[in-house]
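The sequence shown begins at 1 in UniProt numbering and counts up by one. We treat Cβ as the ideally placed atom computed from N, Cα and C, and that holds for glycine. Single-structure report; data block below.
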Amino acid sequence: MSDSVGSHNIESVLHEERRFPPPSDFAAQAHISSEEQYQQMWQQAKDDPAGFWGEIARSQLEWMEPFETTCEGEMPDTKWFVGGKINATVNCIDRHLKTWRKNKAAIIWEGEPGDERVLTYQDLHREVCKFANVLKKLGVETGDRVTIYMPMVPELAIAMLACARIGATHSIVFGGFSADAVADRNNDAQSKLVITADGGWRRGKEVPLKAAVDASLEKSKSIEKVVVVRRTGGDVTMVPDRDYWWHDLMEDVSAECDPVALDAEHPLYILYTSGSTGKPKGVLHTTGGYMLGAMMTSKWVFDLKDEDTYWCTADIGWVTGHSYIIYGPLANGATTVMYEGAPNWPDEGRFWQIVEKYKVNIFYTAPTAIRAFIKWGDDWPNQYDLSSLRLLGSVGEPINPEAWMWYHRTIGKERCPIVDTWWQTETGAIMISPLPGVTEAKPGSCTRPLPGVVPDIVSEEGESLGDNQGGLLVMKQPWPSMLRTLYGDHQRFLDTYFSKIDGCYFAGDGARRDEDGYYWVMGRVDDVLNVSGHRLSTMEVESALVSHEAVAEAAVVGFPHDLKGEGICCFVIPKGTDVSEETKKELIAHVRQQIGAIATPDQIRFTNSLPKTRSGKIMRRLLRDIAAGRESTQDTTTLEDFSVLAKLREEAE
Ligand code: 6R9
Numbered sequence: 001m002s003d004s005v006g007s008h009n010i011e012s013v014l015h016e017e018r019r020f021p022p023p024s025d026f027a028a029q030a031h032i033s034s035e036e037q038y039q040q041m042w043q044q045a046k047d048d049p050a051g052f053w054g055e056i057a058r059s060q061l062e063w064m065e066p067f068e069t070t071c072e073g074e075m076p077d078t079k080w081f082v083g084g085k086i087n088a089t090v091n092c093i094d095r096h097l098k099t100w101r102k103n104k105a106a107i108i109w110e111g112e113p114g115d116e117r118v119l120t121y122q123d124l125h126r127e128v129c130k131f132a133n134v135l136k137k138l139g140v141e142t143g144d145r146v147t148i149y150m151p152m153v154p155e156l157a158i159a160m161l162a163c164a165r166i167g168a169t170h171s172i173v174f175g176g177f178s179a180d181a182v183a184d185r186n187n188d189a190q191s192k193l194v195i196t197a198d199g200g201w202r203r204g205k206e207v208p209l210k211a212a213v214d215a216s217l218e219k220s221k222s223i224e225k226v227v228v229v230r231r232t233g234g235d236v237t238m239v240p241d242r243d244y245w246w247h248d249l250m251e252d253v254s255a256e257c258d259p260v261a262l263d264a265e266h267p268l269y270i271l272y273t274s275g276s277t278g279k280p281k282g283v284l285h286t287t288g289g290y291m292l293g294a295m296m297t298s299k300w301v302f303d304l305k306d307e308d309t310y311w312c313t314a315d316i317g318w319v320t321g322h323s324y325i326i327y328g329p330l331a332n333g334a335t336t337v338m339y340e341g342a343p344n345w346p347d348e349g350r351f352w353q354i355v356e357k358y359k360v361n362i363f364y365t366a367p368t369a370i371r372a373f374i375k376w377g378d379d380w381p382n383q384y385d386l387s388s389l390r391l392l393g394s395v396g397e398p399i400n401p402e403a404w405m406w407y408h409r410t411i412g413k414e415r416c417p418i419v420d421t422w423w424q425t426e427t428g429a430i431m432i433s434p435l436p437g438v439t440e441a442k443p444g445s446c447t448r449p450l451p452g453v454v455p456d457i458v459s460e461e462g463e464s465l466g467d468n469q470g471g472l473l474v475m476k477q478p479w480p481s482m483l484r485t486l487y488g489d490h491q492r493f494l495d496t497y498f499s500k501i502d503g504c505y506f507a508g509d510g511a512r513r514d515e516d517g518y519y520w521v522m523g524r525v526d527d528v529l530n531v532s533g534h535r536l537s538t539m540e541v542e543s544a545l546v547s548h549e550a551v552a553e554a555a556v557v558g559f560p561h562d563l564k565g566e567g568i569c570c571f572v573i574p575k576g577t578d579v580s581e582e583t584k585k586e587l588i589a590h591v592r593q594q595i596g597a598i599a600t601p602d603q604i605r606f607t608n609s610l611p612k613t614r615s616g617k618i619m620r621r622l623l624r625d626i627a628a629g630r631e632s633t634q635d636t637t638t639l640e641d642f643s644v645l646a647k648l649r650e651e652a653e
């Protein structure tokens, strides 16, 4: 194992003996309700993936033309539902209009200041059709890329679905990213249009999104037009013939827009995620397979029922929001809650107030949020009626068993099953997770693979490992919602995911499988940090640092952090002699400005040298030990200059 993050976790979870079987009343009503049913589905999907997925795709999705072949070609170049024509919005909206769901709440939206909006399926259809017509009027065509950089407002959902309606590929950039990050993504995708807002609300302050877009456009030449939603009412500069107000454009367009019949493999969206180099990867998802994955996992894992109010607290700027606020729940005709702001605004009880207000039944959040709730104290959730909750979910990073127990007791009142869902931007949908009516939970384990998912744990050499041996997590069979390529760089796609272990998809995570076939994910084995459940590459932060005039060289590593999971520690060799607190502050601000607030360094440590191998590679493993304050157990035989290490330790003290 090339990483030291894992070993610590293996130790702590090995002692986990607690078991939580699904409550019998939950099991009795669940979509998948028995071990036999799970086993039978899993085995069939493994032995006959085409038979299994073909049947589900035909019965669960609405096709504009039926597909001829369920899957074609070996991993990684597998095509799904070949010959089929489909539109994601028909599946998320139109088909529900033919049923009683027409006037059902599709999206319940709550703004940070407390304003609210409910969009029924009929409302959503009208708004999406209108905005799709706006896109067409602005010259957007099937196959074009559109960047969306928005706060969590209903127009974000409408914009992404409007793109899907006409077959434009959306690329959503999280509103917390910087202007530079927007420019990079615009350029990589060669987007034609940006959809944004004047700003968004975050802890009572305005996040100025339009100003960031203006700055980004100096560096991204492919953008022809900008659409701006009025949200905060803050000052913005509107450039004539380039910038348009959303509400003006929506005034006189038709509310009818036929969905375009797209190939099942038509690109639905690009979503950028951090890899082990400084350049983010444009993960590309296509329509048929992705929709099937998002829909079926929502149904199986969240046990979605028509009467549920479902809330996923993610931002739509991340994959969790794509699959589990929008595409998955809407394909199921569910009611999905969307909240604009921070969990601690106006106070630390906000999430629980929302649960009580809308009688949320299913609640899906991240371990980093759970750790913050624990810190804020039980008084906050205890002030609210949480009795509507029936199922809890977790995503983004391994959940510490103690956080799991707190979630179970304080939020779930020992009544609600918890689904700890392992998946990635690349996988499109949940891969390994309990089925809430079937799987006995063990706190800290994401338990077993869903039907259609065939994982394994292998050594660096690719050999399959036995029970309880830490190794690399891989997938041995293709699945419908897997990424198809990295936009514009198919070679990088092959190199990153399919070259390390022959014939397998390599996830980048270390894990072990226990004697019951349960998976315990330990964290990334590459140079990817997981900061508050968000992926960041150490190289991205290093590139940002060295772009500052005061920095000669930088090495960035993660270290265990109580709230964020991983904190960011930067070892910096300054160009001059200035190692003042002022300069540290300036470097922190510089990284924020280059990447965004999620990349804010926790520590800047000035140093004269960095530990390197004889071939000049920075030995990050050693730096990780120093950042964590651990004695190093790492092999230092290739270290070029031993004195560097002793010196760094001194500097850390
Ligand atoms: C959905 C999402 C993916 C990385 C993944 C892993 C970590 C996500 C996890 C988990 C342990 C879980 N991860 N869920 N680790 N248990 N339940 O988070 O996508 O942003 O692409 O991150 O997150 O390390 O490789 P993404």
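Inter-residue spacing [alpha-carbon to alpha-carbon] between residue i and residue j
i: Trp311; j: Ser298; result: 12 angstroms
i: Ser2; j: Glu463; result: For Ser2, the pLDDT reaches just 37, beneath the cut-off of 50, and the residue's location in the model is therefore unreliable, leaving the point undetermined.
i: Gly321; j: Val301; result: 16 angstroms
i: Asn87; j: Pro76; result: 24 angstroms
i: Cys446; j: Asp495; result: 27 angstroms
i: Leu161; j: Arg185; result: 20 angstroms
i: Ser7; j: Ala628; result: Any reading at Ser7 must be qualified, since the residue scores a pLDDT of 38, below 50, and its modelled position is unreliable; no value is offered.
i: Trp380; j: Thr410; result: 10 angstroms
i: Glu397; j: Thr365; result: 11 angstroms
i: Leu304; j: Thr277; result: 38 angstroms
i: Val140; j: Asp188; result: 18 angstroms
i: Arg350; j: Cys504; result: 43 angstroms
i: Ser388; j: Trp376; result: 22 angstroms
i: Ile10; j: Glu581; result: Reliability fails at Ile10, whose pLDDT of 40 lies under 50, so the model's placement of it is uncertain and the value that follows must be treated cautiously. Using only the alpha carbons, I get a separation of about 37 angstroms.
i: Leu486; j: Leu529; result: 20 angstroms
i: Ile604; j: Val551; result: 12 angstroms
i: Pro449; j: Ser537; result: 27 angstroms
i: Gly167; j: Gly470; result: 43 angstroms
i: Phe363; j: Ile588; result: 34 angstroms
i: Glu17; j: Thr142; result: 53 angstroms
i: Met295; j: Tyr327; result: 7 angstroms
i: Lys612; j: Ser547; result: 21 angstroms
i: Trp109; j: Val458; result: 44 angstroms
i: Asn133; j: Pro154; result: 17 angstroms
i: Lys357; j: Asp48; result: 45 angstroms
i: Asp248; j: Gly233; result: 15 angstroms
Opposing strand residues paired with residue i [DSSP bridges]
i: His285; result: Tyr269
i: residue 710; result: The structure shown has nothing for residue 710, since the chain only spans 1 to 653.
i: Tyr364; result: Cys312, Gly393
i: Met64; result: Partner(s): none; Met64 has no beta bridge.
i: Pro449; result: Ile432
i: Ala105; result: Thr120
Cβ separation of residue i and residue j, assumed to be a contact under 8 angstroms, to the nearest whole Å
i: Val579; j: Phe606; result: 4 angstroms
i: Met405; j: Pro443; result: 6 angstroms
i: Asp198; j: Arg242; result: About 15 angstroms; that fails the 8 angstroms criterion.
i: Tyr269; j: Ser191; result: The pair is not a contact, with the Cβ atoms about 12 angstroms apart (cut-off 8 angstroms).
i: Gly200; j: Val207; result: 5 angstroms
i: Ala255; j: Arg415; result: Contact flag wrong, Cβ pair sits at about 44 angstroms.
i: Gly282; j: Gly488; result: 7 angstroms
i: Gln44; j: Gly51; result: 7 angstroms
Minimum C-alpha distance to residue i - residue among the options
i: Pro417; options: Arg101, Ala429, Gly393, Tyr505; result: Gly393
i: Asp526; options: Leu536, Leu292, Gly508; result: Gly508
i: Ile399; options: Ala162, Trp246, Ser532, Ala30; result: Ser532
i: Asp94; options: Gln122, Lys225, Arg630; result: Gln122
i: Pro436; options: Arg18, Glu16, Glu17, Ser24; result: Ser24
i: Gln477; options: Glu307, Pro455, Leu622, Cys92; result: Pro455
i: Val557; options: His548, Val572, Met152; result: Val572
i: Val360; options: Glu461, Ile107, Lys221, Asp516; result: Ile107
Under 9 angstroms between C-beta atoms of residue i and residue j
i: Val521; j: Ile432; result: yes
i: Val541; j: Ile618; result: no
i: Leu124; j: Ile158; result: yes
i: Ala212; j: Tyr149; result: yes
i: Trp53; j: Thr69; result: no
i: Thr286; j: Ala164; result: no
i: Gly204; j: Gly293; result: no
i: Glu265; j: Phe81; result: yes
i: Ala331; j: Leu61; result: yes
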